[in-house]
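Scroll down for the structure; my scribbles are underneath it.
Protein chains: 2
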Amino acid sequence: MSSTTLSNRQIRLAKRPQGAATRDDWQFTTEPVADPAEGGVLVKTLSLSLDPAMRGWMNEGKSYIAPVEIGAVMRAGGVGRVVASRNPAFAVGDIVYGTLGVQEYALVPQEEIKRSGLAKIDLSLGTIGQWLNVLGMPGMTGYFGLMDIGEPKPGETVVVSGAAGAVGQTVGQLAKIKGCRAVGIAGGQAKCDFVVKELGFDACIDYKAGPAAVREGLKAHCPKGIDIYFDNVGGDILDAALAKITRGARIIICGAISQYNNTTPIQGPKNYLSLLMNRARMQGMVVFDYADRYPLAIAEMSAYLKDGRMKSREDVVEGLETFPEALTKLFTGENFGKLVLKVAD
Amino acid sequence: MSSTTLSNRQIRLAKRPQGAATRDDWQFTTEPVADPAEGGVLVKTLSLSLDPAMRGWMNEGKSYIAPVEIGAVMRAGGVGRVVASRNPAFAVGDIVYGTLGVQEYALVPQEEIKRSGLAKIDLSLGTIGQWLNVLGMPGMTGYFGLMDIGEPKPGETVVVSGAAGAVGQTVGQLAKIKGCRAVGIAGGQAKCDFVVKELGFDACIDYKAGPAAVREGLKAHCPKGIDIYFDNVGGDILDAALAKITRGARIIICGAISQYNNTTPIQGPKNYLSLLMNRARMQGMVVFDYADRYPLAIAEMSAYLKDGRMKSREDVVEGLETFPEALTKLFTGENFGKLVLKVAD
Numbered sequence: 001m002s003s004t005t006l007s008n009r010q011i012r013l014a015k016r017p018q019g020a021a022t023r024d025d026w027q028f029t030t031e032p033v034a035d036p037a038e039g040g041v042l043v044k045t046l047s048l049s050l051d052p053a054m055r056g057w058m059n060e061g062k063s064y065i066a067p068v069e070i071g072a073v074m075r076a077g078g079v080g081r082v083v084a085s086r087n088p089a090f091a092v093g094d095i096v097y098g099t100l101g102v103q104e105y106a107l108v109p110q111e112e113i114k115r116s117g118l119a120k121i122d123l124s125l126g127t128i129g130q131w132l133n134v135l136g137m138p139g140m141t142g143y144f145g146l147m148d149i150g151e152p153k154p155g156e157t158v159v160v161s162g163a164a165g166a167v168g169q170t171v172g173q174l175a176k177i178k179g180c181r182a183v184g185i186a187g188g189q190a191k192c193d194f195v196v197k198e199l200g201f202d203a204c205i206d207y208k209a210g211p212a213a214v215r216e217g218l219k220a221h222c223p224k225g226i227d228i229y230f231d232n233v234g235g236d237i238l239d240a241a242l243a244k245i246t247r248g249a250r251i252i253i254c255g256a257i258s259q260y261n262n263t264t265p266i267q268g269p270k271n272y273l274s275l276l277m278n279r280a281r282m283q284g285m286v287v288f289d290y291a292d293r294y295p296l297a298i299a300e301m302s303a304y305l306k307d308g309r310m311k312s313r314e315d316v317v318e319g320l321e322t323f324p325e326a327l328t329k330l331f332t333g334e335n336f337g338k339l340v341l342k343v344a345d
Numbered sequence: 001m002s003s004t005t006l007s008n009r010q011i012r013l014a015k016r017p018q019g020a021a022t023r024d025d026w027q028f029t030t031e032p033v034a035d036p037a038e039g040g041v042l043v044k045t046l047s048l049s050l051d052p053a054m055r056g057w058m059n060e061g062k063s064y065i066a067p068v069e070i071g072a073v074m075r076a077g078g079v080g081r082v083v084a085s086r087n088p089a090f091a092v093g094d095i096v097y098g099t100l101g102v103q104e105y106a107l108v109p110q111e112e113i114k115r116s117g118l119a120k121i122d123l124s125l126g127t128i129g130q131w132l133n134v135l136g137m138p139g140m141t142g143y144f145g146l147m148d149i150g151e152p153k154p155g156e157t158v159v160v161s162g163a164a165g166a167v168g169q170t171v172g173q174l175a176k177i178k179g180c181r182a183v184g185i186a187g188g189q190a191k192c193d194f195v196v197k198e199l200g201f202d203a204c205i206d207y208k209a210g211p212a213a214v215r216e217g218l219k220a221h222c223p224k225g226i227d228i229y230f231d232n233v234g235g236d237i238l239d240a241a242l243a244k245i246t247r248g249a250r251i252i253i254c255g256a257i258s259q260y261n262n263t264t265p266i267q268g269p270k271n272y273l274s275l276l277m278n279r280a281r282m283q284g285m286v287v288f289d290y291a292d293r294y295p296l297a298i299a300e301m302s303a304y305l306k307d308g309r310m311k312s313r314e315d316v317v318e319g320l321e322t323f324p325e326a327l328t329k330l331f332t333g334e335n336f337g338k339l340v341l342k343v344a345d
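Protein chains in written order, with UniProt numbering: chain A, 1 to 345; chain B, 1 to 345.
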């Protein structure tokens with residue numbers, strides 16, 4: 001096909017947000033689609049992954065990855081279909097995962113293929129939604145965070161915050177598969193019901209149920225304390241978990257969504273000396289470090305999806321233009337499962 | 001000798017201090033010394049170890065060790081001489097280390113010998129002062145914290161706070177012996193000079209030199225960042241260190257002396273998300289967990305003392321009755337080296 005007749009709608013970062021991002025922080029552009037040069041690939045975006053980490057990419061300054069530049073297309077991972085290729089590794093019609101950006105078409109030059117992580121994916125292992133969820137970055141984050149840093153042993157108690165979210169659902173279900181007790185923390189009764197009844201966690205604590213809900217819930221549902229706490233939220237919930245850890249406990253610092261929109265300094269965990277009393281460790285992780293081992297983890301997780309031990313729930317929002325509002329759902333806790341922006345069929 | 005003619009001066013915990021401990025928090029008692037029963041030992045206290053951890057033992061509530069009860073003799077480790085023994089493992093004249101308490105004589109019944117850690121020490125390996133310092137709890141804390149949790153590799157940069165204190169001097173000197181760059185943080189120019197000129201650290205930052213002194217000092221003296229941070233102080237200095245850690249860094253949480261006298265909540269490390277960005281870990285340690293391996297560590301450290309690569313500086317205060325004021329020195333930073341209370345010759 002000729003791509004020169006196509007136009008590409010894009011969403012660019014207009015300015016760095018103060019606090020929560022609003023529609024004013026984005027710029028909407030339309031450009032003609034260019035043909036790939038030798039070695040390059042043109043990908044039509046099908047679905048994009050919306051993740052809490054995106055808020056961090058919008059900030060200036062040092063992080064585990066460079067910030068998105070002002071005026072650049074917003075960074076996003078996603079699944080697309082190859083519509084033009086001058087690279088022998090990709091054929092028209094291939095379904096690929098990569099950092100496509102918030103746009104309808106991603107032109108990936110040869111020198112960017114590796115950096116964007118562009119790779120064919122096998123839809124026999126899972127749906128596009130599952131490839132953005134349990135088989136994608138959130139699933140890999142949950143897998144390597146729990147397995148490599150948490151080192152779960154059968155009979156241990158694993159607590160995960162953001163339990164109904166993409167990472168959280170993987171962590172809790174995988175903890176159960178590995179023989180642990182899984183306790184979730186999520187916002188609202190509907191999410192908690194989903195986490196227990198659909199995903200099979202042993203219990204789930206509704207942090208919105210009252211100021212002491214998390215503390216009392218952890219006391220009730222973790223009678224032997226917390227051996228592994230997988231933290232996606234930070235703030236008061238991290239402190240409540242620190243107060244209940246066991247000797248030798250492991251805390252995985254995966255994110256701190258309660259703090260990402262702060263305009264004031266981050267709230268540090270005032271109970272961190274529990275690490276001392278309990279000879280416990282708190283460790284940060286970034287999923288990209290485990291890229292070499294994704295294929296093995298994907299094969300394992302795909303098997304759990306097929307035998308029904310792992311469920312994958314996506315919250316699908318449609319239309320590129322809804323991106324600004326869709327992203328906001330992550331921070332208000334409105335999303336229910338992995339948030340996916342469907343851009344095309 | 002008959003012990004019945006002896007009287008035993010003791011310092012007991014009168015009440016739980018609010019903030020810094022004062023003389024009013026202590027009760028001074030004198031009791032006749034009793035003879036040991038079958039299996040017991042009577043020890044005359046020679047020197048006691050004064051440690052920041054003592055402040056924690058005075059608080060109510062859960063910690064890594066039970067609090068000292070109101071009315072009980074204050075807990076303290078120390079070196080003494082056996083003056084009466086009905087236990088075949090100890091002979092009159094033996095020099096022992098154990099939890100003797102802040103008193104002139106410790107009567108240790110058979111069933112308490114293990115719990116008090118009573119053990120003969122070999123003065124050919126080091127002086128009494130050294131046995132309370134580099135060869136004692138502080139030295140063991142520094143040794144196992146640095147070696148087991150820090151896992152230093154040659155060429156790495158090790159930063160330690162409380163560098164002129166008992167644990168800090170061990171950590172920095174051991175880091176140098178292991179081929180690392182050692183940077184201390186201490187209060188005042190005199191301590192910093194001692195740390196660099198006497199102990200051989202590569203640099204030492206005077207945290208009292210100004211509000212930005214630690215941040216700027218770490219920038220200047222850790223050009224490749226901090227691979228290992230051994231934290232004895234918590235608070236702002238922990239945050240400054242977190243801002244400079246390298247990828248894969250290890251932070252040993254050994255204490256938080258800046259926070260022990262707090263009457264407000266502990267100040268949590270607001271830069272803890274640096275653990276995430278840097279895939280770093282923060283881990284607590286309690287020296288007693290390594291008791292099985294003390295003898296090997298003592299042999300190693302004694303060799304360093306003898307070949308001059310390790311120096312041991314003690315700040316000796318004399319007289320049991322000076323205990324309340326002597327303890328205070330630890331929190332005002334007045335002590336210069338390991339604080340030892342000499343009770344008898």
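Where is the CB? At the ideal position from N, CA and C, for every residue including glycine.
Item: In this structure, how does DSSP classify residue 202/B when only helix, strand and coil are distinguished?; Value: coil
Item: Which two residues bound the contiguous beta strand (DSSP E) that contains residue 107/A?; Value: 105-108
Item: Please look up how many angstroms separate the CB atoms of residue 184/B and residue 250/B, rounded, as I've assumed it's under 8 Å.; Value: In fact, because the Cβ distance is near 17 Å, the residues do not count as touching under 8 Å.
Item: On the CB-based measure, 16 or more other CB atoms within 10 Å of its CB, does residue 341/B come out buried or exposed?; Value: buried
Item: Ordered along the chain, which non-local residues of its own chain (more than five positions away) have a Cβ less than 8 Å from that of residue 198/B?; Value: 311 and 313
Item: Hey, out of 200/B, 48/B and 305/B, whose CA is closest to residue 393/B's CA?; Value: Any property of residue 393/B remains undetermined from this structure, which presents chain B solely from 1 to 345.
Item: Check residue 130/A in the structure and name its three-state DSSP category.; Value: helix
Item: Roughly how many whole angstroms lie between the Cα atoms of residue 72/B and residue 8/B?; Value: 14 Å
Item: Would you say residue 289/B reaches chain A, if we count a Cβ-Cβ gap shorter than 8 Å as a contact?; Value: yes
Item: In whole angstroms, give me the CA-to-CA distance for residue 331/A and residue 54/A.; Value: 11 Å
Item: Using alpha carbons as the reference points, say which of 26/B, 274/B and 126/B lies closest to residue 69/B.; Value: 26/B
Item: Helix, strand or coil for residue 182/B, going by three-state DSSP, please let me know.; Value: strand
Item: With 16 other CB atoms within 10 Å as the buried threshold, where does residue 238/A fall?; Value: buried
Item: Measure the C-alpha to C-alpha separation of residue 229/A and residue 252/A and round it to an integer number of angstroms.; Value: 6 Å
Item: For residue 277/B and chain A, any beta-carbon pair shorter than 8 Å?; Value: yes
Item: Is residue 85/A close to chain B? Criterion is C-beta to C-beta, closer than 8 Å.; Value: no
Item: Residues of the stretch 242-253 of chain A with a CB closer than 7 Å to any CB of chain B: list them in chain order, please.; Value: 253
Item: Would you mind reading off the limits of the beta strand (DSSP E) that contains residue 94/A?; Value: First-last for residue 94/A: undefined, no H or E at that position.
Item: Among 316/A, 254/A and 308/A, which one has its Cα closest to the Cα of residue 138/A?; Value: 254/A
Item: Which complete beta strand (DSSP E) runs does the stretch 134-158 of chain B hold, if anything under 3 residues is left out?; Value: none
Item: Would you mind working out which of 203/A, 165/A and 84/A sits nearest residue 176/A, comparing C-alpha positions?; Value: 203/A
Item: Between the C-alpha atoms of residue 287/B and residue 248/A, what's the straight-line distance to the nearest angstrom?; Value: 14 Å
Item: Please confirm whether any heavy atom of the ligand FAD lies closer than 7 Å to the CB of residue 321/A.; Value: The ligand content of the structure shown is nil, which means the ligand FAD is not present either.
Item: DSSP three-state label for residue 292/B, please.; Value: helix
Item: Can you confirm whether the stretch 72-91 of chain B touches the stretch 33-51 of chain B when touching is taken to mean that 3 or more C-beta pairs between the two stretches lie within less than 8 Å?; Value: yes
Item: Taking its Cβ as the centre, do 16 or more other Cβ atoms sit within 10 Å of residue 275/A, making it buried, or is it exposed?; Value: buried
Item: Should residue 54/B be flagged as near chain A, meaning a C-beta pair shorter than 8 Å?; Value: no
Item: Going residue by residue through the stretch 206-272 of chain A, where are the continuous alpha helix (DSSP H) segments of at least 4 residues, counting only ones entirely within it?; Value: 213-221 and 235-242
Item: Assuming residue 133/A contacts residue 338/A (C-beta within less than 8 Å), just tell me the rounded distance between them.; Value: 4 Å
Item: How many Å lie between residue 343/A and residue 334/A at the Cα?; Value: 20 Å
Item: Return yes when the Cβ of residue 284/A is within less than 8 Å of the Cβ of residue 277/B, no when it is not.; Value: yes
Item: Mind checking if residue 138/A is an interface residue toward chain B, Cβ cutoff 8 Å exclusive?; Value: no
Item: Which of helix, strand or coil does DSSP assign to residue 307/A?; Value: helix
Item: Which residues does DSSP pair with residue 26/A in a beta bridge?; Value: 13/A
Item: So, under 8 Å CB-CB, residue 179/A and residue 155/A are touching, yes? Tell me the CB distance rounded to an integer number of Å.; Value: 7 Å
Item: Just confirm the distance between the C-beta atoms of residue 58/A and residue 12/A, as a whole number of angstroms; I'd bet it's less than 8 Å.; Value: Rounded, the Cβ-Cβ distance is 11 Å, inconsistent with contact.
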